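**Q**
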Ligand code: NAD
Ligand code: KPL
């Protein structure tokens, strides 16, 4: 009897996380295609060398590349690896190519984009993930897995059993399922709400948020307000302050993703981090002066 053909995996967005997950699927021997923005695909080239560096090992792969306009086969497994603000429009461009039973995993930071997609793609199986992995692109298609972390993935919509089992066993990244993925997303969101915007404001490393009374006081106001919204949303976390300070210590030398985006003059994911929290607060009729003032101060510096 012939074995069933392996289902193809598609990755939308060939940035740091897209290349990391593509390389990890390749390492497991699973067929993977990267979906690029139109201008990135040279018409004659549908194969791409992909390099993964981690600690003292380097792996080389060849992956298929395509764009939404060049897609020929229906997609049944998709991992969305764009920034939060690009996820819904990028996925909309693929809508005609999604199989009815398509399984979609969203790897965006922050919150809001996952719910918008779950609502707009209610016929598909939607999962979301939260990750502590750290990766960056040395050059296009050469990803460095700089910080080995852990990823949790779980359903945003009702889903068939075994939906993403191939990512759990024998997979080069540490991935585990989490039935209540929304709680994981909230936990990370809360930490990002306190650290990310402030590092962009002071243009500083994570650890430098603890330098001096003025910075610490601002950090503490953000923590207090974040803790209140967590509590009002049924996600109470009495250890938030300790956790935020621990992350500042443990990642003291990191330049946060938001600070990096700000330095490069790019749009940040803050609308899906502090912006999400502020929306939640206004739905609860609660003011969030420290968060609002932070976003205002950032807007004055053209950081949005
Ligand atoms: P990135 O900017 O490196 O990559 C995003 C990629 O998506 C870019 O290549 C962009 O061109 C592409 N893209 C956007 N719209 C597209 C479209 N319509 N079609 C095709 N491609 C499109 O970002 P990243 O660092 O890989 O981050 C992705 C997500 O993962 C973010 O939400 C980020 O916060 C989160 N995350 C990143 C890290 C990390 O270490 N890099 C860690 C944890 C979480
Ligand atoms: O997730 C992060 C980010 O930079 O987005 C933190 C935890 C702040 C680490 O840098």
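Residue numbers (my numbering): 178 to 481. The beta carbon of each residue, even a glycine, is placed where N, CA and C say it ideally should be. Predicted model, so just to flag it, every value in this text is computed and none were measured.
Taking Cβ to Cβ, would you say residue 323 is nearer than 8 Å to residue 377?
**A** As a first step, residue 323 must be located in the chain shown, where it is residue number 146. As a first step, residue 377 must be located in the chain shown, where it is residue number 200. Their beta carbons are not under 8 Å apart, which means residue 323 does not touch residue 377 by this criterion.
**Q** Can you check DSSP and say which residues form a bridge with residue 319?
**A** To locate residue 319, count along the chain shown from 1; it is residue 142. In DSSP, residue 319 forms a bridge with 228, 316.
**Q** Can you list, in chain order, the residues of its chain whose CB lies under 6 Å from that of residue 477, leaving out five sequence neighbours each side?
**A** What you label residue 477 is simply residue 300 of the chain shown in a count that begins at 1. Within the same chain, residue 477 has no close Cβ partners at all.
**Q** Return helix, strand or coil for residue 148, following the three-state DSSP convention.
**A** Nothing about residue 148 can be reported from this structure: the residues present for the chain run from 178 to 481 only.
**Q** In or out: residue 468 buried (at least 16 other Cβ within 10 Å) or exposed?
**A** Taking the chain shown and counting its residues from 1, one reaches residue 468 at position 291. Classification of residue 468: buried, given that the 10 Å Cβ count is 16 or more.
**Q** Helix, strand or coil for residue 471? Go by DSSP, reduced to three states.
**A** Here residue 471 refers to the residue found at position 294 of the chain shown. Helix.
**Q** Bridge partners of residue 269, per DSSP?
**A** Taking the chain shown and counting its residues from 1, the one referred to as residue 269 is at position 92. Residue 269 is not bridged to any residue.
**Q** Can you list, in chain order, the residues of its chain with a C-beta nearer than 7 Å to that of residue 428? Leave out the 5 residues immediately preceding and following it.
**A** In the chain shown, counting from the first residue as 1, residue 428 sits at position 251. For residue 428, where only same-chain residues beyond five positions count, the Cβ hits under 7 Å are 383.
**Q** Below 7 Å, is the gap between the Cβ of residue 403 and the nearest heavy atom of the ligand KPL?
**A** By 1-based counting over the chain shown, the position of residue 403 is 226. It does not: the Cβ of residue 403 is nowhere closer than 7 Å to a heavy atom of the ligand KPL.
**Q** Helix, strand or coil: which one does DSSP assign to residue 178?
**A** Counted from its first residue, the chain shown places residue 178 at position 1. Reliability fails at residue 178, whose pLDDT of 47 lies under 50, so the model's placement of it is uncertain and the value that follows must be treated cautiously. Residue state, collapsed to three classes: coil.
**Q** Can the beta-carbon of residue 252 be found less than 8 Å from the beta-carbon of residue 226?
**A** On the chain shown, position 75 is the one that residue 252 refers to. On the chain shown, position 49 is the one that residue 226 refers to. Their beta carbons are not under 8 Å apart, which means residue 252 does not touch residue 226 by this criterion.
**Q** Would you give the residue range spanned by the beta strand (DSSP E) that residue 282 belongs to?
**A** Working through the chain shown from its first residue, we reach residue 282 at position 105. Note, residue 282: beta strand (DSSP E), 275-283.
**Q** Please check the pair residue 370 and residue 396, which I expect to be a contact at CB under 8 Å, by giving their CB distance rounded to whole angstroms.
**A** Translated into positions along the chain shown, residue 370 becomes position 193. Translated into positions along the chain shown, residue 396 becomes position 219. Wrong, their Cβ atoms sit about 11 Å apart, outside the cutoff.
**Q** Can the beta-carbon of residue 331 be found closer than 8 Å to that of residue 304?
**A** Locating residue 331 in the chain shown gives position 154, where the first residue counts as 1. Locating residue 304 in the chain shown gives position 127, where the first residue counts as 1. Yes, they are a contact pair.
**Q** Assuming residue 353 is part of the beta strand (DSSP E), what are its boundary residues?
**A** Position 176 of the chain shown holds residue 353. That run of the beta strand (DSSP E) goes 352-354.
**Q** Decide if residue 245 is buried, meaning its Cβ has at least 16 other Cβ atoms within 10 Å, or exposed.
**A** Residue mapping note: residue 245 aligns to position 68 of the chain shown, counting from 1. Flag for residue 245 reads buried.
**Q** Nearest by alpha-carbon distance to residue 271: which of 243, 436, 288 is it?
**A** Here residue 271 is taken as the residue at index 94 of the chain shown, counted from 1. Taking only the C-alpha atoms, the option nearest residue 271 is 243.
**Q** Just to check, is the beta-carbon of residue 372 closer than 7 Å to a non-hydrogen atom of the ligand KPL?
**A** The residue labelled residue 372 in the question sits at position 195 within the chain shown. Yes; taking the cut-off as 7 Å, the Cβ of residue 372 has a heavy atom of the ligand KPL nearer than that.
**Q** I believe residue 255 touches residue 298 by the beta-carbon criterion, under 8 Å. Please report the beta-carbon distance rounded to the nearest angstrom.
**A** Walking along the chain shown from the start, residue 255 turns up at place 78. Walking along the chain shown from the start, residue 298 turns up at place 121. Residue 255 to residue 298, Cβ: 10 Å. No contact.
**Q** Starting from residue 552, trace the alpha helix (DSSP H) both ways and give me its first and last residue.
**A** Here the chain covers residues 178 to 481 and nothing more, so residue 552 does not appear.
**Q** Within the continuous alpha helix (DSSP H) that includes residue 184, where are the two ends?
**A** If you number the chain shown from 1, residue 184 lands on position 7. Looking at the DSSP string, residue 184 is not in any alpha helix (DSSP H), and its letter there is neither H nor E.
**Q** Can you say whether residue 402 is buried or exposed, counting buried as having 16 or more other CB atoms within 10 angstroms of its CB?
**A** Within the chain shown, the letter at position 225 stands for residue 402. Buried, by the Cβ-count rule.
**Q** Kindly provide the ranges of any alpha helix (DSSP H) runs that are 4 or more residues long and lie completely inside the region 395-462, ordered along the chain.
**A** Qualifying alpha helix (DSSP H) stretches, in chain order: 417-427, 434-440, 451-460.
**Q** Which term fits residue 285, buried or exposed, when burial requires 16 or more other beta carbons within 10 angstroms of its beta carbon?
**A** For this step, residue 285 is matched to residue 108 along the chain shown. The residue in question, residue 285, is buried, as its Cβ has 16 or more Cβ neighbours within 10 Å.
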